[in-house]
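Structure first, then comments.
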Amino acid sequence: MPAAVVAEHGHRLGQPVQRARVAPRARALGQFGTTTGLGQATLEEFDFTASPKLPAAQIRDLAALRWLQAGESVILFGPVGVGKSHVAQALGHLAIRRGADVRFTKTSKALADLAGGHADHTWARRLREYARPSLLILDDFAMRELTAPQADDLYELISERATGGASMVLTSNRQPADWYPLFPNPVVAESLLDRLINSSHQVFMNGPSYRPKKRPGRAATTPAKPSE
1 MPAAVVAEHG
11 HRLGQPVQRA
21 RVAPRARALG
31 QFGTTTGLGQ
41 ATLEEFDFTA
51 SPKLPAAQIR
61 DLAALRWLQA
71 GESVILFGPV
81 GVGKSHVAQA
91 LGHLAIRRGA
101 DVRFTKTSKA
111 LADLAGGHAD
121 HTWARRLREY
131 ARPSLLILDD
141 FAMRELTAPQ
151 ADDLYELISE
161 RATGGASMVL
171 TSNRQPADWY
181 PLFPNPVVAE
191 SLLDRLINSS
201 HQVFMNGPSY
211 RPKKRPGRAA
221 TTPAKPSE
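Note that this note's numbering gives residue 174 to position 174 of the sequence shown, counting from 1, and the numbers run on in steps of one.
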């Protein structure tokens with residue numbers, strides 16, 4: 001069955017790992033996985049020369065996707081503007097090429113979506129939508145303190161994926177050790193984060209922000225070199 005078809009009909013929590021394992025065959029047949037919300041960033045476009053502090057070897061090793069085959073996760077953390085979201089999206093595209101189905105979303109958007117499910121009694125269905133993909137990418141994780149309902153929803157989401165052995169990629173401006181105080185209930189924080197952090201490949205991306213270089217009109221406003 002083509003990977004895209006499995007993505008539509010595979011509802012069991014164990015299904016994401018099965019999809020990841022059949023990926024080499026899917027790739028050989030020219031089949032690709034499906035995607036939701038993923039941008040266009042690829043690893044081929046990533047500028048590893050932007051900063052000598054970037055862990056280029058570690059990122060390239062992740063590109064082999066052995067962690068996805070094993071049902072493991074990835075945490076990309078570091079200051080603003082170093083390319084965490086770019087690398088996360090690039091890993092998503094590589095996974096799609098292997099036949100996996102991928103969902104990319106801002107963490108705040110996912111939590112708002114799940115919160116809406118409590119109001120209209122669609123929470124269980126919405127949770128399944130996040131539990132289903134072979135790879136879930138949560139961008140801007142741990143941006144701010146969580147409310148108790150948000151923490152509970154996040155606990156259920158990550159627990160569902162962990163139970164099925166499904167991989168995630170998280171990007172964050174905070175190091176994982178600083179996530180614990182963001183949870184109102186320390187018991188929930190310990191239960192959730194201990195499992196998540198200790199089963200993930202942690203990649204510290206350091207260096208200056210690349211965003212000033214991409215500021216509109218920057219080239220035009222750069223002073224011209226004085227003539228000699």
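Glycine included, every Cβ here is placed at the ideal spot set by N, Cα and C. Keep in mind it's a predicted model, so treat the numbers as computed, not measured.
Chain-order list of residues whose beta-carbon lies under 6 Å from that of residue i (same chain, five-residue window excluded)
i: P24; result: Here P24 scores only 44 on pLDDT, less than 50, and its place in the model is too uncertain to base an answer on.
i: E160; result: A131
i: A177; result: none
i: W123; result: G117
i: K53; result: N206, G207
i: A70; result: none
Neighbourhood of residue i by C-beta distance below 8 Å, restricted to the same chain and skipping five residues each side
i: L76; result: K84, V87, A88, V169, L170, T171, S172, V203, M205
i: N185; result: A148, A151
i: G92; result: T35, L38, V102, F104, L135, I137, V169
i: S209; result: P79, V80, G81, V82
i: K115; result: One point to set straight first is that residue 115 is Ala, not Lys, in the sequence displayed. Result list for A115: P149, Q150, D153, in chain order.
CA-to-CA distance, residue j to residue i, given in whole angstroms
i: D153; j: D120; result: 15 Å
i: A189; j: Y180; result: 6 Å
i: V82; j: A50; result: 9 Å
i: L231; j: A90; result: No information on residue 231 is available, as it lies outside the stretch 1 to 228 that the chain covers here.
i: E129; j: E156; result: 13 Å
i: D113; j: T163; result: 22 Å
i: A57; j: H118; result: 43 Å
i: L38; j: R98; result: 16 Å
i: K106; j: F141; result: 8 Å
i: R103; j: R66; result: 19 Å
i: I137; j: E145; result: 20 Å
i: L240; j: L196; result: Outside the modelled stretch of the chain, which goes from 1 to 228, sits residue 240, for which no answer is possible.
i: G207; j: A64; result: 24 Å
i: N198; j: R125; result: 28 Å
i: E45; j: P55; result: 16 Å
i: L94; j: F48; result: 17 Å
i: A110; j: D139; result: 10 Å
i: D194; j: V187; result: 11 Å
Other residues of its chain near residue i: CB distance less than 7 Å, five sequence neighbours each side excluded
i: S200; result: E72, S73, V74, I75
i: I239; result: Residue 239 is absent from the structure shown; the chain starts at 1 and stops at 228.
i: A41; result: H86, Q89, A90
i: P133; result: P16, D101, V102, R103
i: R174; result: F77, A142
As assigned by DSSP and simplified to three states, the class of residue i
i: S209; result: coil
i: V87; result: helix
i: F46; result: coil
i: V187; result: helix
i: K53; result: coil
i: Q202; result: strand
i: S108; result: helix
i: D178; result: helix
i: S167; result: strand
i: D139; result: strand
Cβ distance (whole Å) where residue i is taken to contact residue j below 8 Å
i: I158; j: L192; result: 6 Å
i: L68; j: A100; result: 7 Å
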